[in-house]
Ligand code: JFZ
């Protein structure tokens with residue numbers, strides 16, 4: 081229980097099994113969609129005739145735009161083409177099991193109606209109504225879990241924390257007053273408006289100015305309405321006492337850490353929010369390889385989309401999602417419900433995951449002549465290529481190494497999965 085970080089029920093005193101209670105669905109999911117959406121999709125990384133590269137959701141900060149100017153982007157934010165069913169279908173078809181959306185990012189703009197600040201979609205935009213509710217409903221219908229990203233500390237518009245130098249008088253505010261006036265009431269709104277299991281996750285971020293005391297205050301507000309709420313490690317609590325339920329190594333894939341849940345978030349190009357000048361789209365084959373590597377090390381992969389201001393996904397990210405989905409329909413059993421494979425590092429040919437008696441070899445570098453060497457001493461009962469179950473696959477143990485004989489050349493460009501089934505113990 082996070083509200084009592086120093087008591088006997090503190091995180092530090094819990095076993096890994098206790099720590100994981102409530103996290104099982106999340107671990108089994110393995111693959112989710114991150115969505116960064118807000119009024120920053122209107123300027124899309126451009127201001128005053130200047131193009132800003134990097135994270136477009138940071139434009140207000142990068143270009144030092146005063147709140148009185150920045151609010152004009154909200155007047156142009158009218159996502160009439162927003163159709164949450166389409167978003168959810170894209171996620172489900174890609175093999176994703178959950179979705180995390182920016183309820184409020186660092187620019188302080190809320191995608192939901194809020195009594196705590198008029199800087200929200202219902203009051204500051206011509207669209208004039210909630211964006212989260214319809215998405216929650218679409219997720220529910222599709223059996224997708226939905227989590228909320230909430231920038232609890234940084235808020236450049238409502239008097240919260242500012243990274244580096246301030247540039248607007250609205251930022252000269254008492255941080256504790258901001259927490260009480262905006263952050264905590266909005267968190268309560270998010271936890272009480274959409275139903276008992278919504279959100280499924282709270283995704284905190286960049287806890288600058290969040291002392292452990294302040295973090296405990298925010299957490300107490302969470303626990304009061306949603307005890308046990310699944311949270312990431314970016315609230316700002318003292319790590320040894322309660323680091324949240326999962327780590328969030330960002331844009332990077334760490335080595336195997338059994339016992340501790342974690343999630344790597346990645347962008348489909350280089351920005352999180354929609355950025356008109358960013359054409360550095362990652363090929364689907366790379367996204368698939370990253371997913372495999374994360375899963376092989378026991379983590380979750382949260383793949384980000386930055387929707388346009390009109391409410392649609394950029395075509396290149398839709399194309400990537402479709403390709404990932406094609407791969408997942410064939411190979412998804414190597415991802416969903418699996419845990420880390422036995423190798424805490426990359427093998428010359430790729431990665432491995434496992435579930436019960438199954439082990440999945442995820443091959444991204446086809447071995448010369450199709451001769452795959454796996455440092456294992458157990459002989460499987462069966463070995464099968466998921467993309468071509470009829471293809472002959474030989475296996476035997478030679479010199480303490482499991483040798484698998486595959487077709488001489490790779491059947492396709494993307495990661496190819498060999499499923500091994502071992503005898504019951
Ligand atoms: C944060 C945000 O500032 C950013 O806009 C985006 O929402 C991203 C998902 O999270 O940026 C970070 C947070 C943590 C690290 C790097 C960027 N980190 O731990 O390296």
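Numbering (my numbering), first residue to last: 81 to 505. C-beta atoms are modelled at their ideal positions from N, C-alpha and C, and glycine is treated no differently. In this text, all values refer to a predicted model and were calculated from it rather than measured experimentally.
Quick one: Cα of residue i to Cα of residue j, how far?
| i | j | result |
| --- | --- | --- |
| residue 369 | residue 261 | 44 Å |
| residue 181 | residue 486 | 42 Å |
| residue 153 | residue 278 | 29 Å |
| residue 449 | residue 412 | 26 Å |
| residue 317 | residue 333 | 23 Å |
| residue 305 | residue 268 | 7 Å |
| residue 488 | residue 443 | 13 Å |
| residue 502 | residue 418 | 15 Å |
| residue 199 | residue 400 | 33 Å |
| residue 320 | residue 335 | 21 Å |
| residue 393 | residue 387 | 4 Å |
| residue 363 | residue 195 | 42 Å |
| residue 225 | residue 193 | 21 Å |
| residue 292 | residue 281 | 21 Å |
| residue 85 | residue 290 | Residue confidence is low: residue 85 scores 41 on pLDDT, short of 50, so the model does not pin down where it sits. No coordinate-derived value is stated. |
| residue 179 | residue 185 | 16 Å |
| residue 122 | residue 357 | 13 Å |
| residue 491 | residue 446 | 9 Å |
| residue 81 | residue 234 | Because residue 81 carries a pLDDT of 35, less than 50, the predicted location of this residue cannot be relied on, and the following value inherits that uncertainty. Distance between the alpha carbons of residue 81 and residue 234: 25 Å. |
| residue 197 | residue 241 | 16 Å |
For the beta strand (DSSP E) that residue i lies in, which residues bound it at each end?
| i | result |
| --- | --- |
| residue 453 | 451-454 |
| residue 433 | 430-435 |
| residue 355 | Here residue 355 belongs to no beta strand (DSSP E), and DSSP marks it neither H nor E. |
| residue 500 | 496-501 |
| residue 111 | 111-115 |
| residue 182 | 178-184 |
| residue 172 | Per DSSP, residue 172 belongs to no beta strand (DSSP E); it is in the alpha helix (DSSP H), 164-173. |
| residue 151 | No beta strand (DSSP E) holds residue 151; the alpha helix (DSSP H) holding it covers 147-155. |
| residue 331 | Note, residue 331: premise wrong, no beta strand (DSSP E); not H, not E. |
| residue 201 | Premise fails: residue 201 lies in the alpha helix (DSSP H), 201-204, not in any beta strand (DSSP E). |
Among the options, which residue has its Cα nearest to the Cα of residue i?
| i | options | result |
| --- | --- | --- |
| residue 460 | 482, 312, 216, 405 | 482 |
| residue 494 | 367, 505, 391 | 367 |
| residue 255 | 227, 225, 295 | 295 |
| residue 506 | 464, 250, 293 | In the structure as shown, the chain starts at 81 and stops at 505, and residue 506 therefore has no counterpart that could be examined. |
| residue 346 | 357, 356, 339, 361 | 361 |
| residue 508 | 464, 492, 416, 210 | For the chain, the structure presents residues 81 to 505; residue 508 sits outside this window and is missing. |
| residue 521 | 331, 426, 451, 422 | This structure leaves residue 521 out entirely; the chain is present only between 81 and 505. |
| residue 453 | 427, 124, 466 | 427 |
| residue 163 | 456, 390, 484 | 390 |
| residue 303 | 471, 470, 272, 328 | 272 |
| residue 496 | 505, 161, 471 | 471 |
| residue 220 | 243, 241, 276, 184 | 276 |
| residue 455 | 425, 465, 446, 253 | 425 |
| residue 183 | 240, 161, 457, 266 | 266 |
| residue 133 | 350, 259, 241 | 350 |
Just to confirm my understanding: we take residue i, look at its own chain, exclude 5 residues before and 5 after, and list those with CB closer than 7 Å. What are they?
| i | result |
| --- | --- |
| residue 88 | Annotation note: pLDDT 41 at residue 88 (below 50); position unreliable, coordinate value reported separately. Within the same chain, residue 88 has no close Cβ partners at all. |
| residue 284 | 230, 232, 311, 312, 314, 315 |
| residue 207 | 157, 158, 159, 201 |
| residue 222 | 168, 172 |
| residue 170 | 393, 398, 401 |
| residue 165 | 218 |
Who are the Cβ neighbours of residue i in its own chain at under 8 Å, not counting the five residues just before and after it?
| i | result |
| --- | --- |
| residue 274 | 212, 213, 216 |
| residue 103 | 310, 325, 326, 341 |
| residue 264 | 297, 298, 301 |
| residue 384 | 113, 114, 115, 116, 345, 346, 347, 348, 352 |
| residue 504 | 437 |
How close, in whole Å, do the beta carbons of residue i and residue j come, if the pair is a contact with beta carbons under 8 Å?
| i | j | result |
| --- | --- | --- |
| residue 375 | residue 433 | 5 Å |
| residue 404 | residue 227 | Contact doesn't hold; Cβ gap of about 20 Å is too wide. |
| residue 118 | residue 353 | 7 Å |
| residue 236 | residue 188 | 6 Å |
| residue 451 | residue 480 | Wrong, their Cβ atoms sit about 16 Å apart, outside the cutoff. |
At what residues does the alpha helix (DSSP H) containing residue i begin and finish?
| i | result |
| --- | --- |
| residue 326 | Per DSSP, residue 326 belongs to no alpha helix (DSSP H) and is neither H nor E. |
| residue 255 | 255-258 |
| residue 343 | Counting along the chain, residue 343 falls outside any alpha helix (DSSP H), though it belongs to the beta strand (DSSP E) covering 343-347. |
| residue 230 | No alpha helix (DSSP H) contains residue 230, which is instead part of the beta strand (DSSP E) from 225-230. |
| residue 411 | 395-411 |
| residue 303 | 292-305 |
| residue 270 | 264-272 |
| residue 216 | 212-222 |
| residue 364 | 364-376 |
Leaving aside the five residues before and after residue i along the sequence, list all residues of the same chain whose C-beta is less than 6 Å from its C-beta, in chain order.
| i | result |
| --- | --- |
| residue 173 | 405 |
| residue 441 | 432, 498 |
| residue 150 | 140 |
| residue 247 | 144 |
| residue 477 | 459 |
| residue 500 | 439, 460, 463 |
| residue 435 | 417, 418 |
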